[in-house]
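**Student:**
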Ligand code: ADQ
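Numbering (the UniProt record's numbering), first residue to last: 1 to 467.
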């Protein structure tokens with residue numbers, strides 16, 4: 001059986017327990033790596049004076065991780081720069097925030113080359129390589145240039161932007177061409193896939209035949225493959241001792257009020273400001289409901305070294321302060337705004353205690369919080385998921401209350417609808433949602449992708465560089 005080599009920007013070493021703040025992806029990939037006796041390669045998160053390519057190999061919980069340190073300039077140009085100040089905003093349709101600098105593009109290319117140089121000797125002829133996310137778009141091409149003829153797949157965890165937006169990026173054509181070094185390219189939804197194909201066909205003159213996309217004599221499989229969560233595990237987690245404790249604490253502190261919960265990384269794509277404004281609108285339009293509810297927003301800071309992220313943090317502090325100042329009373333505060341991460345079992349208990357899960361990103365590749373919220377509910381008395389139509393998850397979670405997060409009025413209407421929803425309707429909607437979350441779970445996602453990847457013929461000319 002082939003070994004699996006997963007390559008991503010960072011490696012989340014599996015803890016072997018659920019009490020860490022480990023994300024769903026780490027859990028998903030860990031299971032695959034265990035099954036295929038694989039290696040997970042990525043940046044250690046540490047910096048070094050001079051890049052040496054020294055690999056730190058570690059083995060824990062049946063998984064081998066291989067990490068490498070980067071130079072401070074690498075982190076600045078590749079990670080803070082091109083990944084988080086150029087590609088992330090652009091791919092989330094925010095060209096107003098995207099910064100196009102040759103220094104960033106150069107650093108991005110350099111780090112991808114450094115990754116390729118470092119990981120190449122670890123790859124054996126029968127290994128299957130799976131590259132993750134927007135930090136490493138050109139990595140497959142760099143590996144091919146180093147003679148790697150293995151099957152290589154790529155999965156993008158964020159949206160793919162429409163042609164008109166992507167073409168604002170100076171290196172767009174070059175970057176997209178490098179994707180043809182892979183055998184399989186996966187995106188979460190048909191919508192993102194459609195935009196990818198549109199760019200290849202319209203901008204580069206490629207062709208599409210079913211899920212085969214061809215450019216300059218090289219064909220790849222491009223597929224929509226929505227990621228899921230480990231639903232069974234998460235449902236079990238929501239009944240664990242720590243989850244029960246968190247559930248009880250939340251219910252006690254709610255003193256009979258309904259809790260609305262939001263859980264997101266502090267990121268402009270998650271629509272937190274619009275969410276607060278929608279909630280404010282609800283408080284204004286429904287004065288009778290005010291003291292019956294509160295919003296708990298959990299948002300741990302991320303990418304703090306990027307200025308936009310510092311601004312959004314300050315903006316949200318101001319906004320929540322203003323709303324609390326305007327509406328709070330001696331015995332009630334409308335928004336509890338918490339800036340830290342919590343272990344997954346605690347989070348599961350919090351989700352379960354919430355009458356409404358408010359998941360309203362402005363643009364999101366998928367959004368796993370929506371699925372976790374569903375999986376954590378009590379089947380006898382489930383809460384209601386309010387979900388943005390702009391999250392990839394909206395394609396699967398059709399029985400949620402779907403909203404346009406740009407409209408404060410729609411958000412307000414959705415909150416009152418969810419609060420007043422009869423129990424039978426809540427149960428009916430939840431069952432349909434849970435059915436999807438369980439069926440199209442993370443194992444389904446991973447198998448779907450690896451099945452396609454393992455079935456592509458290993459091209460004799462695969463060692464040739466991409467066009
Ligand atoms: P993210 O943008 O990080 O992921 P999301 O899919 O919601 O977004 O995943 C966040 C994860 O972090 C969830 O598992 C959640 O439980 C966890 N998390 C968030 N806040 C937390 C907190 N305060 N404490 C502990 N854990 C917390 C990117 C894309 C998404 C895509 C995923 C996977 O942007 O669209 O769904 O990758 O492909």
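All C-beta atoms in this analysis are idealised placements derived from N, C-alpha and C, irrespective of residue type, glycine included.
Below 8 Å, how does it come out for the segment 167 to 180 and the segment 188 to 195: are there three or more Cβ pairs, yes or no?
**Tutor:** no
**Student:** What number of angstroms, rounded off, separates the C-alpha of residue 377 from the C-alpha of residue 357?
**Tutor:** 10 Å
**Student:** Using the C-alpha atoms, what's the distance from residue 118 back to residue 8?
**Tutor:** So the two alpha carbons sit approximately 13 Å from each other.
**Student:** Quick check on the burial criterion: 16 or more other C-beta atoms within 10 angstroms. Buried or exposed for residue 338?
**Tutor:** If you draw a 10 Å sphere on the C-beta of residue 338, you find fewer than 16 other C-beta atoms in it, and that means exposed.
**Student:** Using DSSP's beta-bridge definition, name the partner residues of residue 301.
**Tutor:** 266
**Student:** Do the segment 125 to 135 and the segment 150 to 160 meet, that is, are 3 or more Cβ pairs less than 8 Å apart?
**Tutor:** Short answer: they touch.
**Student:** Measure the C-alpha to C-alpha separation of residue 21 and residue 343 and round it to an integer number of angstroms.
**Tutor:** Unreliable placement is indicated for residue 21, whose pLDDT of 40 sits below 50; the coordinate value is still reported in the next sentence. Taking the straight line joining both Cα atoms gives about 4 Å.
**Student:** Could you check if residue 266 belongs to the surroundings of the ligand ADQ, using beta carbon to heavy atom distance under 6 Å?
**Tutor:** no
**Student:** Taking residue 291 as the reference, which of 202, 274, 276 and 255 has the closest Cα?
**Tutor:** 255
**Student:** Excluding the five sequence neighbours on either side, which residues of its own chain have a C-beta within less than 6 Å of the C-beta of residue 305, listed in chain order?
**Tutor:** 80
**Student:** Could you say which of 324, 297, 228 and 69 lies nearest to residue 26 if we only look at CA atoms?
**Tutor:** That would be 228, whose Cα lies nearest to the Cα of residue 26.
**Student:** Can you check DSSP and say which residues form a bridge with residue 155?
**Tutor:** 132 and 186
**Student:** First and last residue of the alpha helix (DSSP H) that includes residue 88?
**Tutor:** 88 to 91
**Student:** Which of the three DSSP states is assigned to residue 193 in this structure?
**Tutor:** Three-state DSSP puts residue 193 in a helix.
**Student:** Could you have a look at residue 236 and say whether DSSP puts it in helix, strand or coil?
**Tutor:** helix
**Student:** Mind checking residue 458: buried by the 16 CB within 10 Å criterion, or exposed?
**Tutor:** By the neighbour-count rule (16 or more Cβ atoms within 10 Å), residue 458 is not buried but exposed.
**Student:** For residue 422, count neighbouring C-beta atoms within 10 Å of its own C-beta (all shown protein chains included) and say buried if the count is 16 or more, exposed if not.
**Tutor:** The residue is exposed, with fewer than 16 neighbouring Cβ atoms inside 10 Å.
**Student:** Assign residue 207 to one of three DSSP states: helix, strand, or coil.
**Tutor:** strand
**Student:** Three or more beta-carbon pairs under 8 Å between the segment 348 to 356 and the segment 316 to 325, yes or no?
**Tutor:** no
**Student:** Can you check which of these residues, 456, 450, 454 and 91, is closest to residue 29 by C-alpha distance?
**Tutor:** 450
**Student:** May I ask you to list the residues that DSSP assigns as paired with residue 214?
**Tutor:** 207 and 219
**Student:** Taking all protein chains shown into account, decide if residue 382 is buried (16 or more other Cβ within 10 angstroms of its Cβ) or exposed.
**Tutor:** Classification of residue 382: buried, given that the 10 Å Cβ count is 16 or more.
**Student:** Taking the alpha carbon of residue 140 as the reference point, which residue from 181, 124 and 123 has its own alpha carbon closest?
**Tutor:** Nearest to residue 140 by alpha-carbon distance, out of 181, 124 and 123, is 181.
**Student:** Starting from residue 70, follow the beta strand (DSSP E) in both directions and report where the run begins and ends.
**Tutor:** 63 to 71
**Student:** Are there 16 or more other CB atoms within 10 angstroms of the CB of residue 92, so buried, or fewer, so exposed?
**Tutor:** buried
**Student:** Does the ligand ADQ have a heavy atom nearer than 6 Å to the CB of residue 193?
**Tutor:** Result no, Cβ not under 6 Å from the ligand ADQ.
**Student:** Would you mind working out which of 372, 186, 59 and 434 sits nearest residue 399, comparing C-alpha positions?
**Tutor:** 434
**Student:** Hey, could you find the ends of the alpha helix (DSSP H) residue 312 is sitting in?
**Tutor:** From DSSP, the alpha helix (DSSP H) with residue 312 extends over 307 to 327.
**Student:** Just to confirm my understanding: we take residue 105, look at its own chain, exclude 5 residues before and 5 after, and list those with CB closer than 8 Å. What are they?
**Tutor:** 82, 86, 170 and 171
**Student:** Flag this pair as touching only if the segment 236 to 252 and the segment 277 to 288 have three or more C-beta atom pairs under 8 Å; answer yes or no.
**Tutor:** No, the segment 236 to 252 does not touch the segment 277 to 288.
**Student:** Cβ atoms of residue 128 and residue 164: under 7 Å apart, would you say?
**Tutor:** no
**Student:** Taking 6 Å as the cut-off, does the CB of residue 92 come closer than this to any heavy atom belonging to the ligand NAD?
**Tutor:** In terms of ligand content, the structure shown lacks the ligand NAD and carries the ligand ADQ instead.
**Student:** Which word fits residue 212, buried or exposed, when buried means at least 16 other C-beta atoms lie within 10 angstroms of its C-beta?
**Tutor:** exposed
**Student:** Report the three-state DSSP secondary structure of residue 9 (helix, strand or coil).
**Tutor:** strand
**Student:** My assumption, with CB atoms under 8 Å, is that residue 11 sits in contact with residue 42. Please give the rounded CB distance.
**Tutor:** 4 Å
**Student:** Which value, in whole angstroms, describes the spacing of the CA atoms of residue 71 and residue 396?
**Tutor:** 41 Å
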